[in-house]
């Protein structure tokens with residue numbers, strides 16, 4: 074299974090000019106690569122470990138750098154992990170969440186992300202797929218913004234970048250509606266033609282891409298079964314609507330893939346995916 078580096082790209086306000094996050098909010102735990110300063114942490118994991126084990130609201134802000142570590146978050150209480158928010162952005166959040174923000178000079182563009190968390194652990198080494206994750210979130214109420222997360226092991230075995238168990242989890246701009254799928258600049262040559270939109274871990278899997286521009290060199294099938302011995306393709310919905318770009322040109326989709334009509338695609342919305350109460354926990358400024 075090919076590993077997709079997750080460039081988790083987020084914007085805090087929907088404005089027509091660049092908004093930066095370059096200073097930590099008041100009270101935030103500060104992470105700065107190589108720092109020995111009092112009150113600062115040199116790793117994300119150290120900042121997470123410093124949090125009190127209670128239900129008080131907490132926040133973390135990460136300064137630019139590449140953090141070579143696995144991050145495991147289980148804290149039951151709310152946490153906000155920030156990169157800096159410009160004072161010109163009048164955004165507030167009233168729902169308590171764990172939030173990770175990476176430092177950026179332009180919250181609207183993943184190309185401006187300056188924080189990367191990476192590790193190169195395989196499932197075989199760690200003992201499970203979940204345990205191989207570079208960032209592992211085992212809690213409810215979590216959001217992450219402007220942080221690149223990578224598993225750098227490479228091809229040849231199962232090794233994941235992000236593992237999440239919980240409810241009300243928001244990975245902003247990691248919504249497959251009106252987005253682009255591109256090839257990472259540091260992708261290996263073995264990635265070419267060997268990446269898929271999805272692969273079913275079990276029956277009843279559901280993945281839908283809407284209005285997606287694909288320029289990454291995908292496998293022509295676009296969708297993969299789990300394995301030849303255990304395909305896991307019964308009762309699944311692997312669907313697309315209006316996929317465009319060189320990556321889907323000449324695609325030969327398998328029989329278990331579905332192309333949606335406009336009316337069928339319209340039935341799939343944020344409320345149908347995560348519930349009608351989404352406005353109580355989703356950052357509406359990103360919609």
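Numbering (this note's numbering), first residue to last: 74 to 360.
Ideal Cβ placement from N, Cα and C applies to all residues, glycine included.
The Cβ atoms of residue 291 and residue 320 lie closer than 8 Å to each other.
DSSP, reduced to helix, strand and coil, places residue 263 within a helical segment of the structure shown.
With a cut-off of 8 Å on Cβ pairs, the segment 125-134 is not in contact with the segment 178-197, counting fewer than three such pairs. The Cβ atoms of residue 187 and residue 225 lie no closer than 8 Å to each other. Check the Cα spacing between residue 307 and each of 235, 240, 278, 255: the tightest is with 278. The distance from the Cβ of residue 209 to that of residue 145 is about 5 Å, consistent with a contact at the 8 Å cut-off.
Taking the Cα positions, residue 281 is about 21 Å away from residue 356. By the neighbour-count definition (other C-beta atoms within 10 Å, threshold 16), residue 223 is a buried residue.
In the DSSP assignment, residue 347 falls within the alpha helix (DSSP H) that extends over 343-347. Beta bridge pairing from DSSP links residue 216 with 172, 243. Contact annotation, residue 174 with residue 213: C-beta distance approximately 19 Å; criterion of less than 8 Å not satisfied. Annotation: the continuous alpha helix (DSSP H) that includes residue 118 extends over 117-122.
Rounded to whole angstroms, the separation of the alpha carbons of residue 182 and residue 313 is 25 Å. A straight line joining the alpha-carbon of residue 148 with that of residue 126 spans about 7 Å. Residue nearest to residue 252 within the set 137, 317, 335 is 317 (criterion: CA-CA distance). In the assembly as shown, residue 244 is a buried residue. Its beta-carbon has 16 or more other beta-carbons within 10 Å.
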